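One structure below.
Residue numbers (my numbering): 11 to 74.
So, in structure tokens, the structure goes:
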């Protein structure tokens, strides 16, 4: 299977979630530890997290 991926030659791409050259997400470790603290099974950690649009608009909201 061949894929044609366009290049961003002028460097105009600005990532929305993770900043350029950023290696870690703020608060990600705390969220993972909270899931383990609630005794979730490992299989639940592999499923994608469901986030409501309102949580994305208000940065003060935390996953609980």
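The C-beta atom is built at its ideal place from N, Cα and C for all residues, glycine as well. These numbers were taken from a predicted model, which means no experiment stands behind them.
Need the endpoints of the alpha helix (DSSP H) that residue i sits in, please.
i: residue 24; result: From DSSP, residue 24 is part of no alpha helix (DSSP H); its letter is neither H nor E.
Grouping DSSP H, G and I as helix and E and B as strand, with all else coil, what is residue i?
i: residue 41; result: helix
i: residue 13; result: coil
Enumerate in chain order the residues of its own chain whose CB-to-CB distance from residue i is below 7 Å, with the five nearest sequence positions on each side excluded.
i: residue 6; result: Lying before the first or after the last residue shown, residue 6 is absent from the chain, which here runs from 11 to 74.
Once the 5 residues before and after residue i are set aside, which same chain residues still bring their CB inside 8 Å of it?
i: residue 28; result: 35
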